[in-house]
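**Student:** Questions regarding the structure given below will be posed in turn.
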Amino acid sequence: MTEKHTGHPLFYELTEEEIELHDAKNKDYAHDGDPLGNFKRVSALLKIWGFDISPTLVALIYALKQQDAYMWMLSQGYEGEVENVDTRLRDDHIYKKIARILHRE
């Protein structure tokens with residue numbers, strides 16, 4: 009049974025791009041381990057220095073950095089050379105999905 013989507017077609021295309029990026033990055037960050045291990049490791053590292061920041065908050069901080077970058081780029085009328093507004097928005101969406109997963113775990 010094929011499910012028909014009723015939302016904007018580009019929404020589903022962008023979501024598929026995010027899935028592919030998440031899969032690709034996990035090859036490096038997780039290397040067949042915990043797919044959210046990067047956020048848990050950063051949380052553990054921060055605890056060494058006395059910062060009690062959960063993996064969920066780490067993901068949200070990463071998202072905030074992307075927001076800062078693309079808002080600055082938009083305010084400057086700058087599209088970016090290596091990472092542009094679109095790639096930063098994509099990363100922001102992925103980090104927020106990861107934060108939702110970590111929050112539910």
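What the sequence shown shows, in the numbering used here, is residues 9 to 113, in sequence order.
Even glycine gets a Cβ: it sits at the ideal position worked out from N, Cα and C.
CB-CB under 7 Å to Phe-47, same chain, minus the five flanking residues each way: which ones, in chain order?
**Tutor:** Closer than 7 Å at Cβ, skipping near neighbours: Pro-63, Val-66, Ala-67, Ile-106, Leu-110.
**Student:** Would you mind reading off the limits of the alpha helix (DSSP H) that contains Ser-51?
**Tutor:** Start and end: 45 to 56.
**Student:** Give the range of the alpha helix (DSSP H) segment to which Ile-69 is assigned.
**Tutor:** First-last of the alpha helix (DSSP H) with Ile-69: 63 to 84.
**Student:** Which of the three DSSP states, helix, strand or coil, is assigned to Asp-31?
**Tutor:** Helix at Asp-31.
**Student:** Buried or exposed for Arg-96, please, with buried defined as at least 16 other CB atoms from any protein chain shown within 10 angstroms of its CB.
**Tutor:** It counts as buried.
**Student:** Any contact between the stretch 75 to 87 and the stretch 17 to 30? By contact I mean 3 or more CB pairs, one from each, below 8 Å.
**Tutor:** Verdict: no, contact absent.
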